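Novice: Numbering of the sequence shown is given in numbering that gives the first Met the number 0, commencing with residue 0 and proceeding in unit increments.
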Amino acid sequence: MDRDWLLLGDVIDRAARLWGDRCALIFGDRSYSYNELSKKVDEVAKGLISLGVKKGDHVAVWMTNRPEWLYLMYAVPKIGACLVPLNTRYRTDDVSYTVIQSESQFLIAADQSGPINYGAMIEEASETIFGAGHLRKIVMLGVTIDGATAWDELLSGGNSVSDQILSERASAVSVTDRMMLAYTSGTTGHPKGVIHCHKPVKNTYERAMLLGHTMNDIHLSYLPLFHAYGFSEVALMASLSGGCQILFETFEPSEILDAVEREKGTVLHGFDTHWADLLRAQSDKERDVSSLRVGTLPAGMKSSVPVAQAAQEVFCSTTSGFGMSESWAFVASSHVSDSLEQRIEASGYPMYGIEFQIRDLDTGESVDSDLEGGLFVRGYTVTEGYWRKPEATAEVLSPDGWLDTGDIAKIRADGHIVFVGRHKDMLKVGGENVSPAEVEGYLLGLEGVEEVAVVSYPDDRLVQVPVAFVVRSNDIAGDAVINACKGRIASFKIPRHIIFVEAMPTTPSGKIRKVELREWALNMVVQ
């Protein structure tokens with residue numbers, strides 16, 4: 000193993016050595032030291048070995064934020080397996096597709112969160128998933144389902160695994176081994192598994208140092224752990240710098256601000272949607288937030304500037320950045336010493352080992368500073384490709400390692416990047432990528448839907464929401480289309496409005512003119 004790199008599975012061992020008895024995690028009324036967290040990770044790692052998880056196996060994790068997610072986050076890669084985080088807003092069809100496409104041999108899930116019964120959805124999908132031939136075991140936390148292994152059974156099975164066996168498995172892991180398949184929506188249909196090895200851990204560590212995070216920080220951890228942002232910039236960053244994270248199962252702004260006041264929290268994170276909700280909660284009930292030191296807010300777009308400005312005035316200084324699943328969470332970052340304008344109107348400065356290019360969309364040639372064009376990224380954090388999708392990989396990744404982000408941006412004379420928008424047909428709904436093609440494919444399976452096109456519509460809170468234009472072959476109603484989606488695809492993918500049209504506007508070649516549909520939506524949607 001190349002010890003010049005820090006492996007994900009080694010992070011908690013390192014933290015226990017450096018900050019053993021310091022608080023690592025608070026969840027509800029329970030707190031854990033780094034020593035305790037290290038012990039829990041090893042218990043789960045041994046349980047996974049006893050379950051039959053081999054090096055290179057894919058382990059899908061489907062649960063909301065909770066300590067067990069963190070144990071798995073480190074235990075799975077510690078024994079050389081690969082994490083497959085699943086979006087908790089997935090529903091039956093989503094999870095079935097992702098587990099099958101990822102070729103996951105193991106699925107570990109919590110039974111329920113609030114009104115959402117994940118166990119019931121897994122039961123419904125289990126025949127399809129097992130029928131694909133890759134899945135070997137399901138592990139359930141909470142109420143189990145037929146044929147599944149209970150979480151406690153997983154842990155007890157680990158009692159037969161020695162420290163030496165665990166150490167041997169950990170020692171066999173290399174920095175270039177698959178660490179994660181991070182599923183993200185694309186422009187061509189179903190979600191794609193972005194392959195990452197352990198190298199991006201170094202990028203997160205360097206940013207922790209850049210932002211001055213230490214063992215004295217208390218991070219509010221409410222961003223979902225299945226998302227690269229919450230995974231890297233909060234959970235992993237806190238453990239790399241010895242800080243404490245207060246983990247929340249879901250994003251509840253009032254609860255988070257109460258915890259800031261109670262626990263003297265120092266770091267907040269989130270997209271402008273999260274910060275806007277926190278600002279509203281603070282306006283409704285003022286808390287003492289003077290302990291806050293810094294926050295991260297991926298800014299740069301004109302629409303995010305007012306929220307970023309208000310965050311400075313009400314909470315703390317924020318730093319901006321740019322990243323995506325394919326490149327890692329923040330491959331550009333600003334610094335707390337940067338000017339206010341740089342931190343709220345730009346998207347950061349490239350991190351060490353990362354290169355950016357802005358290219359003319361028509362010619363592919365590099366353009367000068369302050370000119371807009373397609374944003375391309377190259378560096379050690381960039382994915383090697385999409386799992387089992389060579390054609391999709393070739394569309395975005397060149398042989399010499401340049402990633403076409405699908406975004407429009409510019410690099411200013413001061414070296415800071417400004418994110419302008421997306422040139423690919425993608426929606427960003429409250430920080431979640433939504434592929435119109437995926438939603439369109441689902442809607443076309445409904446009786447009465449003859450033709451469909453999904454476009455974005457502006458939303459004050461979520462920035463964008465999906466709207467579907469439908470040419471119908473019977474008298475199907477808009478409510479029926481929306482109701483058919485509920486419980487089958489993630490809620491953020493479901494169109495907020497259905498607009499029936501006689502025909503789609505098209506180019507001479509027959510391609511639907513979505514630019515025109517977006518204009519139609521602005522005039523036709525009734526709020």
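Glycine included, every Cβ here is placed at the ideal spot set by N, Cα and C. Since the structure is predicted, the reported quantities are computational estimates derived from the model, not experimental observations.
1) In the DSSP assignment, what are the bridge partners of Ile511?
2) Just to confirm my understanding: we take Glu527, look at its own chain, exclude 5 residues before and 5 after, and list those with CB closer than 7 Å. What are they?
3) In the DSSP assignment, the beta strand (DSSP E) including Leu402 goes from what residue to what residue?
4) Using the C-alpha atoms, what's the distance from Arg387 back to Cys22?
5) Does Asp151 come out as helix, strand or coil in the three-state DSSP assignment?
6) Use the C-beta contact count for Met323: other C-beta atoms within 10 angstroms, 16 or more gives buried, fewer gives exposed.
7) Measuring CB atoms only, is the segment 398-417 touching the segment 151-170, in the sense that at least three cross pairs come out at less than 8 Å?
8) In chain order, what residues of the same chain lie with their CB nearer than 7 Å to the CB of Gly264, ignoring the 5 residues before and after it?
9) If distances are taken between C-alpha atoms only, which option among Met178, Ser95, Val448, Ser161 comes closest to Val75?
10) Nearest CA to the CA of Phe491: which residue from Glu35, Ala171, Trp4, Asp93?
11) Measuring straight from C-alpha to C-alpha, what distance separates Thr531 and Trp327?
12) Let me check understanding here. Comparing Cα to Cα, which of Gly373, Asp413, Pro114, Thr318 lies closest to Gly420?
13) Between Thr143 and chain D, is there a C-beta pair that is closer than 8 Å?
14) Rank Gln281, Arg206, Tyr385 by C-alpha distance to the C-alpha of Gln100 and give the top, closest one.
15) Would you kindly check if the distance between the Cβ of Ala181 and the Cβ of His197 is under 8 Å?
16) Tell me whether His422 sits in a helix, a strand or coil according to DSSP, three-state version.
17) Taking buried to mean at least 16 other C-beta atoms within 10 Å of its own C-beta, is Ile241 buried or exposed?
18) By DSSP, does Asp145 sit in helix, in strand, or in coil?
19) So Ser319 and Ala345 are in contact, right, with Cβ under 8 Å, and what is the actual spacing, rounded?
20) Please state whether the Cβ-Cβ distance between Ile475 and Cys484 is less than 8 Å.
21) Tell me, which residues are paired with Asn527 by DSSP?
22) Output the residue ranges of the beta strand (DSSP E) runs that lie fully inside the segment 206-258 and measure 3 residues or longer, sorted by chain position.
23) Would you list the one or two residues that DSSP bridges to His496?
24) For Gln104, which residues in the same chain have their Cβ closer than 7 Å to its Cβ, ignoring the five residues on either side in sequence?
25) Can you check the segment 152-200 for any alpha helix (DSSP H) of at least 4 residues that lies completely inside it and give the ranges in chain order?
26) For Glu501, count neighbouring C-beta atoms within 10 Å of its own C-beta (all shown protein chains included) and say buried if the count is 16 or more, exposed if not.
27) Between the segment 35-52 and the segment 160-173, do three or more beta carbon pairs fall short of 8 Å?
28) Around the C-beta of Asn64, are 16 or more other C-beta atoms found within 10 angstroms, so that it is buried, or is it exposed?
29) Decide if Asn202 is buried, meaning its Cβ has at least 16 other Cβ atoms within 10 Å, or exposed.
30) Suppose the cutoff is 8 Å on Cβ atoms and the five residues either side in sequence are ignored; what does the same chain contact list for Glu254 look like?
31) Quick one: give me the first and last residue of the beta strand (DSSP E) that Thr318 is part of.
32) Which residue marks the beginning of the beta strand (DSSP E) containing Glu354, and which one marks its end?
33) Under 7 Å Cβ to Cβ from Ala275, same chain only, skipping five residues before and after it: list those, please.
34) Is Ile353 closer than 8 Å to Ala408 when the C-beta atoms are compared?
35) According to DSSP, Ala331 sits in a beta bridge with which residue or residues?
36) Distance check for Pro504 and Glu515, CA to CA, integer angstroms please.
Specialist: Taking the definition as stated:
1) Thr505
2) Only positions 0 to 526 of the chain appear in the structure, and residue 527 is not among them; the question remains open.
3) 402-410
4) 41 Å
5) helix
6) buried
7) no
8) Ile217, Leu219, Ile245, Ala258, Ser290, Leu291
9) Met178
10) Asp93
11) The structure shown does not extend to residue 531, since the chain is modelled only from 0 through 526, so no value can be given for it.
12) Gly373
13) Among the chains of the structure shown, chain D does not appear; only one protein chain is present.
14) Tyr385
15) no
16) coil
17) Reading off the sequence, residue 241 comes out as Gly, not Ile. With 16 or more Cβ atoms within 10 Å of its Cβ, Gly241 is classed as buried.
18) coil
19) 6 Å
20) no
21) One cannot answer for residue 527 here, as it falls past the ends of the chain, which runs 0 to 526.
22) 217-220, 243-246
23) Val466
24) Asp56, His57, His133, Leu134, Arg135
25) 162-170
26) exposed
27) yes
28) buried
29) buried
30) Phe247
31) 316-318
32) 353-358
33) Val306, Arg460
34) no
35) Phe321, Pro349
36) 7 Å
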